[in-house]
Amino acid sequence: MAAEGLRPERGAAGPGGGTRADGRPRGDLRAYPEIRADRAPWTLMYHSVDAYQEDPYQVTVTPERFVRQMEWLRRSGLRGVALGELLRAHALGRAAGLVGLTFDDGYADLYHQVLPVLERYGFTATAFVVAGRLGGHNDWDSGPRKRLLDREQIRRLADRGVEIGSHGLEHRLLPGLPAEELALEAGRSREQLEDLLERRVSGFCYPYGAVDAAAAAAVRDSGYRYAAAIAHSPLTGRFALPRSFVGERDDGWRLRAKQVRHRLRGLRVRSDEESAR
Ligand SMILES: [Zn+2]
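Sequential numbering from 103 applies to the sequence shown in this note's numbering.
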């Protein structure tokens, strides 16, 4: 199976796995061990939170709905946290009661609409920003133009506890790209964000949720500690974490159904892995 090389427990080395010259495990491997598909913690995927007229790609949730969704999490005994924090808690067996909150593309409304709500609830989140488009617009798709976070807003978000991850340099579809372009999208974007933030960037998010074994290996080899995908697949694990899409129609009942579906899909991937052995 193509996923084999991505699993440190099966002997793959690289920045996320293996041992150091002194024979001890790499620090980041201990911080983020491999994640079994049936144990992947539940993570929500948002894009934009704003009022809107049209939303052909369903990337926008209104601020009113967003508050109701955060309220539902709180009443359900769940605290929204950044994905990096969720994975550290998971590694320590302390992820019960936590749910990952992620925001793809880095829309400027994250600063104005999302951050005040997160702070009111005592939640955090991860923003996956497109490193080559900071301060620009979402010109990779044909829908309504939306402003993206600029450099100063990203720095301030990080200072206020929002984890900043990379969503690539140009929001390109990674599967099928030559190795050197994969390395640029993953590695160069990370360097640019680390220069901006003066801190380590640990998380990557595949544009369009599209991941194959080569893309996941490029992300791992670029020094990330984890990567977010969308769907469950044979690659599901630390470098292809599944997430549940959240949209404007998602009330508490639908969110609960998505939580159950996340669990069932993880169990199915795990049972496929076991029967393939
Ligand atoms: Zn995106």
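Every residue, glycine too, gets a C-beta built ideally from N, C-alpha and C.
Item: Could you check what DSSP says for A191 in three-state terms: helix, strand or coil?; Value: helix
Item: Counting by C-beta, which residues lie closer than 6 Å to a heavy atom of ligand 1, in chain order?; Value: D206, D207, H269, H273, P309
Item: Could you say which of D211, W144, H149, L298 lies nearest to L251 if we only look at CA atoms?; Value: D211
Item: In terms of DSSP beta bridges, what is Y209 paired with?; Value: L250
Item: Is it right to say W144 is buried, meaning 16 or more other beta carbons lie within 10 angstroms of its own, or is it exposed?; Value: buried
Item: Pick helix, strand or coil for E350, following the three-state DSSP scheme.; Value: coil
Item: Taking just the CA atoms, how far does E376 sit from R262?; Value: 42 Å
Item: Could you please give me the residues that DSSP links to A329 through a beta bridge?; Value: F306
Item: Taking three-plus beta-carbon pairs below 8 Å as touching, is the stretch 233 to 244 in contact with the stretch 176 to 187?; Value: no
Item: Residue range of the beta strand (DSSP E) that V219 falls in?; Value: Segment 217 to 223 is the alpha helix (DSSP H) holding V219; no beta strand (DSSP E) there.
Item: DSSP on A317, reduced to helix/strand/coil?; Value: helix
Item: When burial is assigned at 16 or more other CB atoms within 10 Å of the CB, is P158 buried or exposed?; Value: exposed
Item: Taking the alpha-carbon positions, what's the E287 to I256 distance?; Value: 19 Å
Item: What is the residue span of the alpha helix (DSSP H) that R292 lies within?; Value: 291 to 299
Item: Does the distance from the CB of F230 to the CB of G208 come in under 9 Å?; Value: yes
Item: Just to confirm, are T226 and G305 a CB contact at a threshold of 9 Å?; Value: no
Item: Grouping DSSP H, G and I as helix and E and B as strand, with all else coil, what is I137?; Value: coil
Item: Exposed or buried, which one is V303 when buried takes at least 16 other CB atoms within 10 Å?; Value: buried
Item: My parser needs the beta strand (DSSP E) runs of 3 or more residues fully inside the stretch 136 to 188; what are they?; Value: 145 to 148, 181 to 183
Item: Decide yes or no for the touch test of the stretch 163 to 177 against the stretch 343 to 362: beta carbon pairs closer than 8 Å, at least 3 of them.; Value: yes
Item: Whole angstroms is fine: what's the gap from F205's alpha carbon to R379's?; Value: 36 Å
Item: Skipping 5 residues on each side, what residues in its chain have a beta carbon closer than 7 Å to that of A197?; Value: P143, L188, A191
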